């Protein structure tokens with residue numbers, strides 16, 4: 001029965017009901033499960049001092065968004081599981097954490113869509129290098145010891161601009 005569950009999970013993760021980039025524009029500190037904003041009144045300000053919930057990568061390089069999506073992490077601290085998007089494929093897995101440490105399990109499950117110009121392998125390796133984190137002014141900073149690997153926010157950050165001179 002486990003192989004069947006595994007394949008169903010992969011199939012569900014690979015389905016994306018709508019084309020295009022439907023990223024939310026509002027704060028989302030609780031796991032939402034959708035990439036589209038709700039058409040209701042804005043929610044009250046969410047707690048950005050907690051590890052759990054939905055986070056969006058702050059892109060630094062144009063290649064961070066080469067596949068047309070902003071990478072997303074949804075951390076379920078009670079189950080110690082995460083879901084999200086690499087910027088190309090959907091992903092899920094497990095993690096361990098304390099008040100300052102964070103480690104992603106090596107067995108990350110991803111869908112297998114090809115995204116030309118995007119280095120997904122490097123993105124996943126960076127996640128796996130993470131061993132500590134800090135929350136600073138509503139930003140989740142993933143670290144390897146004291147070296148910053150990436151920054152994540154509750155809101156979608158604008159894509160980096162290429163200097164055209």
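Numbering (UniProt numbering), first residue to last: 1 to 165.
Even glycine gets a Cβ: it sits at the ideal position worked out from N, Cα and C.
Because the structure is a prediction, the values reported are computed rather than measured.
According to the Cβ coordinates, are residue i and residue j closer than 7 Å?
{"i": "residue 83", "j": "residue 92", "result": "yes"}
{"i": "residue 153", "j": "residue 142", "result": "no"}
{"i": "residue 101", "j": "residue 132", "result": "yes"}
{"i": "residue 156", "j": "residue 70", "result": "yes"}
What do you get for residue i, buried or exposed, if any count of 16 or more other CB atoms within 10 angstroms of its CB means buried?
{"i": "residue 116", "result": "exposed"}
{"i": "residue 56", "result": "buried"}
{"i": "residue 75", "result": "buried"}
{"i": "residue 136", "result": "exposed"}
{"i": "residue 122", "result": "exposed"}
Apart from the five residues on each side of it in sequence, which residues of its chain come closer than 7 Å, Cβ to Cβ, to residue i?
{"i": "residue 124", "result": "86, 108"}
{"i": "residue 146", "result": "none"}
{"i": "residue 19", "result": "Only weak support is given to the placement of residue 19: the predicted model assigns it a pLDDT of 42, under 50, and the question is left unresolved by the model."}
{"i": "residue 150", "result": "57, 126, 142"}
Leaving out the 5 sequence neighbours to the left and right, which residues in its chain are closer than 6 Å to residue i when beta-carbon positions are compared?
{"i": "residue 127", "result": "104"}
{"i": "residue 89", "result": "110, 111, 113"}
{"i": "residue 81", "result": "94"}
{"i": "residue 72", "result": "56, 84, 85"}
{"i": "residue 52", "result": "75, 77"}
Please return the same chain residues whose Cβ sits closer than 8 Å to the Cβ of residue i, not counting the five positions on each side in sequence.
{"i": "residue 148", "result": "141, 142"}
{"i": "residue 106", "result": "128"}
Is there a Cβ from chain C that is less than 7 Å from the Cβ of residue i?
{"i": "residue 91", "result": "This model lacks chain C altogether, as it is built from one protein chain only."}
Which full runs of the beta strand (DSSP E) of 3+ residues lie inside the segment 58-128, going along the chain? Considered as a whole, the segment 58-128 harbours 72-76, 81-85, 90-97, 102-104 as its complete beta strand (DSSP E) runs of no fewer than 3 residues, in chain order.
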